[in-house]
Amino acid sequence: MSHQTAATRPQSRFSLVPDDSNRPSTRKMTTISTEEMTTILKTAQQGLSLLRDEHSTISRTLEAITSGLNDDEISLPREKNAQVNENFEKLMTGIEETSLMMLVAQMMKSDDLRNQKTRDLQKLLNEENGWLREELAYTQKRLQESESAVVRLEEELNQLRFVDSMKNVICDTHTTSLADESSRIPIIDVLDLGFDPEEDMNNNNNDQSNSSNSAPSRLQTLNALVIQYIREGRTEIAGPLCKQALEELMSTSGKEHPDVATMLNVLAMVYRDQQKYKEASGYLEQALAIREKCFGENDQLVASTLNNMAIVFGKRGKYREAEVYCRRALKIREMVFGENDPDVAKQLNNLALLCLHQGKYEEVEDCHRKALKILEKLEGIDDTNTLKTQNQLASILLKQGKYEEAQGVYKTILTKIHKKSGGNEGKSLWEVAEERQRKMENGEKMDMVETRQLEYLEKWRL
Numbered sequence: 001m002s003h004q005t006a007a008t009r010p011q012s013r014f015s016l017v018p019d020d021s022n023r024p025s026t027r028k029m030t031t032i033s034t035e036e037m038t039t040i041l042k043t044a045q046q047g048l049s050l051l052r053d054e055h056s057t058i059s060r061t062l063e064a065i066t067s068g069l070n071d072d073e074i075s076l077p078r079e080k081n082a083q084v085n086e087n088f089e090k091l092m093t094g095i096e097e098t099s100l101m102m103l104v105a106q107m108m109k110s111d112d113l114r115n116q117k118t119r120d121l122q123k124l125l126n127e128e129n130g131w132l133r134e135e136l137a138y139t140q141k142r143l144q145e146s147e148s149a150v151v152r153l154e155e156e157l158n159q160l161r162f163v164d165s166m167k168n169v170i171c172d173t174h175t176t177s178l179a180d181e182s183s184r185i186p187i188i189d190v191l192d193l194g195f196d197p198e199e200d201m202n203n204n205n206n207d208q209s210n211s212s213n214s215a216p217s218r219l220q221t222l223n224a225l226v227i228q229y230i231r232e233g234r235t236e237i238a239g240p241l242c243k244q245a246l247e248e249l250m251s252t253s254g255k256e257h258p259d260v261a262t263m264l265n266v267l268a269m270v271y272r273d274q275q276k277y278k279e280a281s282g283y284l285e286q287a288l289a290i291r292e293k294c295f296g297e298n299d300q301l302v303a304s305t306l307n308n309m310a311i312v313f314g315k316r317g318k319y320r321e322a323e324v325y326c327r328r329a330l331k332i333r334e335m336v337f338g339e340n341d342p343d344v345a346k347q348l349n350n351l352a353l354l355c356l357h358q359g360k361y362e363e364v365e366d367c368h369r370k371a372l373k374i375l376e377k378l379e380g381i382d383d384t385n386t387l388k389t390q391n392q393l394a395s396i397l398l399k400q401g402k403y404e405e406a407q408g409v410y411k412t413i414l415t416k417i418h419k420k421s422g423g424n425e426g427k428s429l430w431e432v433a434e435e436r437q438r439k440m441e442n443g444e445k446m447d448m449v450e451t452r453q454l455e456y457l458e459k460w461r462l
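Using the UniProt record's numbering, you'd call the opening residue of the sequence shown number 1 and step up by one each time.
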């Protein structure tokens, strides 16, 4: 009896399997939304999964029953088991079809979203297209105005070139180094840290390129205009002119010509004055590569470019990289000029300044002492650069707490300045200082000599 109950119970479950008559028609499916279709398919899949699990349980139960029956009693359970397996396969097919339909529904939903995004994008593009048309009309108007301005500037430039060619305007050799007897384009390297930035330009008068062809007179005139505009602070005009000269040099002489390196240095100077130090570094690196290839790694022009790179990297706050370039420039200048040369002293002062920013006070002191020794020997103890170097030495001694030594250096500097400014030989510097202090406190007027001395001392304030 128990066998019969177990055998007949699965049969009552077969009526739960949906037939084709209960499925919605294709015409109705087309009227429902994708979300509704997905919900229906999920519900149907859940029902089919439950039926699959029940059929699997029934099949295992029938297999357990048939294992204990004889041949006469086993025929009916086998038939039921076969029918259960057949229904199980149909259920699996239904589950797979439902999964496929859900995937199709998801794809349809994704397509709808993409279509909506496409429509939104098309609307946005139409709006942007209208804006671009307006912007294009405005830009065309500005372009016409710019072209008119360019024509006027070209006429002005041609007039300036004509005037320069007529008057042979080439700046003084001692101030700009624009040309020498061979009419070469000058080497302009101006970026000394510790001294007047004009000195590199003045000292490079004879450091010309070794090429055999002379630069065209038009380029010389253009270069003269660039230098003139730089000195007047009109870098916004000097920059485009310099780029034009650089392009013409590259087209006529090649990209690795020494004159190209010279013009790259000038362009770096323009960007330096505009505080565009990163761009200036790039042009200096190009100039360095050209000069190393043309003159070798130990040439004085290479040292000058390295010094300029040290300055620009220092302006960018990259003192460690700047120190590397500065030390290399110092090594080359010591090799070329010897250890007792003014350029070596300047390079030592530049190196000292870079070390100062890194807190290397002992190296700063050592560099200033070496530079001071050179300048005292070559320029004299009363030279302006010598006094500047002494002042820098006294400052670093103060930073290290060497107050007595710093005081001695300051007294030496003040005594020299006192003498150079026409001080009273009958009074010591300290007596003069006390007398001036008393007069200032009492509101008394100082004579012309004392006023001139104060103005002179003001130049050497810390």
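Just so it is clear, CB atoms sit at the ideal spot from N, CA and C, and this is done for glycine as well.
Keep in mind it's a predicted model, so treat the numbers as computed, not measured.
V266 sits close to C242, with the two beta carbons spaced by under 8 Å.
The stretch 88-105 makes no contact with the stretch 114-131: fewer than 3 CB pairs, one atom from each, lie closer than 8 Å. DSSP places R78 within a helical segment (H, G or I) once states are collapsed to three. With at least 16 other beta carbons inside 10 angstroms of its own, K388 counts as buried. Burial is judged here by how many other beta carbons sit within 10 angstroms of a residue's own beta carbon; R234 has fewer than 16 and is exposed.
A residue is called buried when at least 16 other Cβ atoms come within 10 angstroms of its Cβ; M108 does not meet this threshold and is exposed. Take the alpha-carbon of N85 and the one of E79: they are about 10 Å apart. Counting of Cβ neighbours within 10 angstroms places Q106 among the exposed residues, the total staying below 16.
For Q437, same chain residues with a beta-carbon under 8 Å away, outside a window of 5 residues either side, do not exist. Here V226 is not near Y277, since their CB atoms are 8 Å or more apart. In this model, E63 and N81 are separated by some 8 Å (Cα to Cα). Secondary structure note for N307: its alpha helix (DSSP H) is the uninterrupted segment 300-315. If you draw a straight line from the Cα of E362 to the Cα of A394, it comes to about 13 Å. In this structure, the CA atom of K141 is about 40 Å from the CA atom of D259. Of the candidates V270, L41, I381, K402, the residue whose Cα lies closest to the Cα of L414 is I381. If the five residues before and after R291 are omitted, its C-beta is found closer than 8 Å to the C-beta atoms of P258, A261, D299, L301, V302, T305, all from its own chain and listed in chain order. R234 sits in coil when the DSSP states are folded into three classes, being neither helix nor strand.
Residue range 342-357 is occupied by the alpha helix (DSSP H) that includes H357. Using a Cβ-Cβ distance cut-off of 8 Å, the stretch 347-354 and the stretch 329-339 are in contact, since at least three pairs of beta carbons, one from each stretch, lie closer than that value. For M335, the closest of E323, C367, R320, E297 by C-alpha to C-alpha distance is E297.
S110 carries a helical assignment under DSSP once its states are collapsed to helix, strand and coil. Distance between R152 and N158, taken at the CA atoms: about 10 Å. Here Y319 has L354, H357, Q358 as same chain residues with Cβ atoms under 7 Å from its own Cβ, once five neighbours each way along the sequence are excluded. Apart from sequence neighbours up to five positions away, the residues of its chain that approach M309 with a beta-carbon distance below 8 Å are S281, L284, E285, L288, A322, Y325, ordered along the chain.
If you look at D383, you'll find it isn't in any alpha helix (DSSP H); DSSP assigns it neither H nor E. Separation of M37 and M102 (C-alpha to C-alpha, rounded to the nearest whole angstrom) is 8 Å. Of E54, T221, A371, the smallest CA-CA separation from N87 is found for E54. Residue environment for E365: buried (at least 16 other C-beta atoms within 10 angstroms of its C-beta). Close CB contacts of F337 within its chain, under the 7 Å cut and outside five residues either way in sequence, are with D343, V344 (chain order).
The three-state secondary structure of H257, taken from DSSP, is coil.
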